[in-house]
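In full-length UniProt numbering, the protein residues as written are 1 to 560.
If you want it as structure tokens, here you go:
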């Protein structure tokens, strides 16, 4: 009787595991299983939750790397005696580092794996952030921010591929939107930290007999390295991507990863994993050249192998099969970030201008548009530049010709409040999009989302109050950010494992190139009048919305 009961329990245990598996997309077939069947059989549970939990500081770290300087500049301009050229360079130098390393990181990840690059990348990024926080000159900060951008480009692209390769078709698009939620949380957390730390003038101190001066904005930079440090440490405990292992012919290691995922997600034994054999992806590769080179890899030196792998990636990327999709992805991301990051970096200054205009007694009763406010600020700045020397402001209640001129850093809370509100709107919007993404689809999200954000960019021209500007700004930034994330999700599904991270890296490289070009053009267009800059940020999104109509549909598309 005990033997029968034991047998029944074992049968129920197995049925429980298989039942959970059948709730996914696939049913176990006889013979070797492909990646989609194997990853679906692992279920969705504790491992996925842990992975997303670790992905949060990873995403926060990438946002902090690119955005911290925009909150530091108003208070650091006195300590570092920053000129306008210095400020523009500090904002752009991180993107310059990212562009420089795009090819390198994509190649290393697709050749040598995801996990090691995540660990080394985030730990190196934390190191350069600490060095940046202790720097005492503009040149040193520029060098370390450039190196930080050079490093963080890799973990960002690797993270997207890594997450997608641990989730089945049913959850993959939602995971990409969840990543967007994490980025929005970072955009809420960053101004909150800045608001809490930077205005604290009492936190300034010196070390090494006054040779090393530490200010509150440097403490802020040091605190912002913690997400990267935590990410690098946590990624050590996660496995290599099973999709990458299968693509490299390491099926035994991939099977071990699948069994571990199955055990963690279902609570069943590793031996109960229903898949017993995996297909040999290297043997069925559609590209005969890549297949031949992969078979030769173990017999060649690592440097030659890496060079051949890089050449294979380039041939595939510029071949007829993938050229059209890759060019569209690059063009769309260029346009999205051309408008998004140009406008986003101007938001703190924009609300400062509006506040000055509305509080000025000479303009209080006037019903000015945003263009009037910008013209007011330009004229006011021109007058001040004629009266004052660079880097200084007149000391309150002091005659200009008798008292020493001192620099007054800007640390008012309004600089951080409006970006905080926009970040909160982004979190809510990403939550809704995550739930609806499978019904909407990445392509529809791009087409209709970018058209909407483009219209908001054009409507800014007629804005007449800070409330209207805040609503339009939040809509523009949030929808454009969601669209950018949706495009990355499409790219992940459109390209095979052997070139996935490379294409994601290049897609972001073109986007960051657009960010730099947009920020260079924006002030020149302002010199021509108010309409040209808003026409630029609005029309570029409408154009890429039209281009997005030609993208293939990728919702629930199996990974190649």
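Quick reminder that beta carbons are idealized off the backbone N, C-alpha and C, glycines included.
Residue 397 classed as buried or exposed, judged by whether at least 16 other C-beta atoms fall within 10 angstroms: As a first step, residue 397 is located in the chain shown; it is residue number 397 there, counting from the start. At residue 397 the pLDDT is 41, less than 50, meaning the model places this residue with poor confidence and gives no usable figure here.
Nearest-angstrom Cβ-Cβ length linking residue 126 and residue 232, presumed shorter than 8 Å: Along the chain shown, read from residue 1 onward, the residue named residue 126 stands at position 126. Along the chain shown, read from residue 1 onward, the residue named residue 232 stands at position 232. Confirmed, Cβ separation roughly 7 Å.
Just confirm the distance between the C-beta atoms of residue 228 and residue 197, as a whole number of angstroms; I'd bet it's less than 8 Å. Here residue 228 corresponds to residue number 228 of the chain shown, with the count starting at 1. Here residue 197 corresponds to residue number 197 of the chain shown, with the count starting at 1. Wrong, their Cβ atoms sit about 17 Å apart, outside the cutoff.
Provide the residue span of the beta strand (DSSP E) that contains residue 206, from first to last. Along the chain shown, one-based indexing puts residue 206 at 206. That run of the beta strand (DSSP E) goes 205-207.
Stretch-stretch touch, CB-based, cutoff 8 Å, three pairs: the stretch 506-520 with the stretch 89-97: yes
Inter-residue Cα distance where the pair is residue 333 and residue 81: For the purposes of this step, residue 333 is taken as residue 333 along the chain shown, with counting starting at 1. For the purposes of this step, residue 81 is taken as residue 81 along the chain shown, with counting starting at 1. Computed Cα separation, rounded: 35 Å.
DSSP three-state call for residue 551: helix, strand or coil? The residue labelled residue 551 in the question sits at position 551 within the chain shown. Residue 551 falls in the coil class under three-state DSSP.
Below 8 Å on the Cβ atoms is my guess for residue 154 versus residue 180; work out the distance and round it to an integer in Å. For the purposes of this step, residue 154 is identified with residue 154 of the chain shown, where counting begins at 1. For the purposes of this step, residue 180 is identified with residue 180 of the chain shown, where counting begins at 1. Going by Cβ atoms, the distance from residue 154 to residue 180 rounds to 20 Å, so no, they are not a contact pair.
Apart from the five residues on each side of it in sequence, which residues of its chain come closer than 7 Å, Cβ to Cβ, to residue 118? Counting from one through the chain shown, the residue named residue 118 turns up at place 118. Excluding positions up to five away in sequence, the list reads 155, 158, 159, 162 and 235.
Run through the stretch 319-349 for me and flag every whole beta strand (DSSP E) of 3 or more residues, listed as ranges in chain order. Qualifying beta strand (DSSP E) stretches: none in this window.
Distance, residue 482 Cα to residue 77 Cα: Reading the chain shown from its first residue, position 77 is the one you call residue 77. Reading the chain shown from its first residue, position 482 is the one you call residue 482. For residue 77 and residue 482, the distance between alpha carbons rounds to 33 Å.
Is it a yes or a no for the stretch 528-538 touching the stretch 454-474, going by three-plus beta-carbon pairs under 8 Å? yes
Extent of the continuous alpha helix (DSSP H) to which residue 40 belongs: The residue you call residue 40 lines up with position 40 of the chain shown. Run containing residue 40: 35-41, per the alpha helix (DSSP H) assignment.
On the CB-based measure, 16 or more other CB atoms within 10 Å of its CB, does residue 550 come out buried or exposed? Numbered from its first residue, the chain shown carries residue 550 at position 550. Residue 550 should be labelled exposed.
Just the C-alpha distance for residue 538 and residue 101, rounded to the nearest angstrom, thanks. Reading the chain shown from its first residue, position 538 is the one you call residue 538. Reading the chain shown from its first residue, position 101 is the one you call residue 101. Their Cα atoms are separated by approximately 30 Å.
Report yes or no: do three or more beta-carbon pairs, one from the stretch 325-341 and one from the stretch 417-428, lie closer than 8 Å? no
Use the C-beta contact count for residue 439: other C-beta atoms within 10 angstroms, 16 or more gives buried, fewer gives exposed. Taking the first residue of the chain shown as position 1, residue 439 is located at position 439. A residue is called buried when at least 16 other Cβ atoms come within 10 angstroms of its Cβ; residue 439 does not meet this threshold and is exposed.
Tell me whether residue 214 sits in a helix, a strand or coil according to DSSP, three-state version. By 1-based counting over the chain shown, the position of residue 214 is 214. Of the three classes helix, strand and coil, the one that applies to residue 214 here is strand, per DSSP.
In terms of residue numbering, what span does the alpha helix (DSSP H) encompassing residue 200 cover? Translated into positions along the chain shown, residue 200 becomes position 200. For residue 200, no alpha helix (DSSP H) run applies, since DSSP gives it neither H nor E.
Given that a residue counts as buried once 16 or more other Cβ atoms are within 10 Å of its Cβ, and exposed if not, what is residue 208? Locating residue 208 in the chain shown gives position 208, where the first residue counts as 1. Exposed, since its Cβ has fewer than 16 Cβ neighbours within 10 Å.
Assuming residue 59 and residue 166 make a contact with CB atoms under 8 Å, what is their CB distance in whole Å? Working through the chain shown from its first residue, we reach residue 59 at position 59. Working through the chain shown from its first residue, we reach residue 166 at position 166. Their Cβ separation, rounded to whole angstroms, is 15 Å, which puts residue 59 and residue 166 out of contact at 8 Å.
For residue 278, which beta-bridge partners are listed by DSSP? If you number the chain shown from 1, residue 278 lands on position 278. BP columns for residue 278 point to 33.
In terms of residue numbering, what span does the alpha helix (DSSP H) encompassing residue 56 cover? Within the chain shown, residue 56 is the residue found at index 56, counting from 1. From DSSP, the alpha helix (DSSP H) with residue 56 extends over 46-80.
How many whole angstroms separate the CB atoms of residue 41 and residue 239, which I take to be in contact at a CB cut-off of 8 Å? The count along the chain shown starts at 1 and reaches residue 41 at position 41. The count along the chain shown starts at 1 and reaches residue 239 at position 239. With 8 Å as the limit, residue 41 and residue 239 do not qualify as a contact, their Cβ atoms being about 16 Å apart.
Alpha-carbon to alpha-carbon, residue 474 and residue 143: In the chain shown, the residue the question calls residue 143 occupies position 143. In the chain shown, the residue the question calls residue 474 occupies position 474. So the alpha carbons of these two residues sit roughly 32 Å apart.
Compute the Euclidean distance between the alpha carbons of residue 135 and residue 150, then round it to the nearest angstrom. In the chain shown, residue 135 corresponds to position 135, counting from 1. In the chain shown, residue 150 corresponds to position 150, counting from 1. When rounded, the distance between both Cα atoms is 18 Å.
From residue 218 to residue 517, what distance separates their C-alpha atoms? What you label residue 218 is simply residue 218 of the chain shown in a count that begins at 1. What you label residue 517 is simply residue 517 of the chain shown in a count that begins at 1. Straight-line Cα distance between these residues: approximately 28 Å.
Through-space distance from residue 431 to residue 73, alpha-carbon basis: Mapped onto the chain shown, residue 73 falls at position 73. Mapped onto the chain shown, residue 431 falls at position 431. Each residue's Cα considered, the two are about 32 Å apart.
Mind checking whether residue 450 and residue 544 have CB atoms under 8 Å apart? Here the question's residue 450 lines up with position 450 in the chain shown. Here the question's residue 544 lines up with position 544 in the chain shown. In this structure, residue 544 lies closer than 8 Å to residue 450 by Cβ.
Close-in-space but distant-in-sequence residues of the same chain around residue 86 (CB under 6 Å, 5 per side omitted): For the purposes of this step, residue 86 is taken as the residue at position 86 of the chain shown. Here the set comprises 138.
Taking only three categories from DSSP, how would you classify residue 136? Along the chain shown, read from residue 1 onward, the residue named residue 136 stands at position 136. Taken through DSSP and simplified to helix, strand or coil, residue 136 comes out as coil.
Cβ neighbour criterion (16 or more within 10 Å) applied to residue 467: Looking up residue 467 in the chain shown gives position 467. Exposed, because fewer than 16 other Cβ atoms sit within 10 Å of the Cβ of residue 467.
Check residue 464 in the structure and name its three-state DSSP category. Position 464 of the chain shown holds residue 464. DSSP places residue 464 in coil when its eight states are reduced to three.
Start-to-end residues for the alpha helix (DSSP H) that takes in residue 255: For the purposes of this step, residue 255 is identified with residue 255 of the chain shown, where counting begins at 1. Segment 251-266, the alpha helix (DSSP H) holding residue 255.
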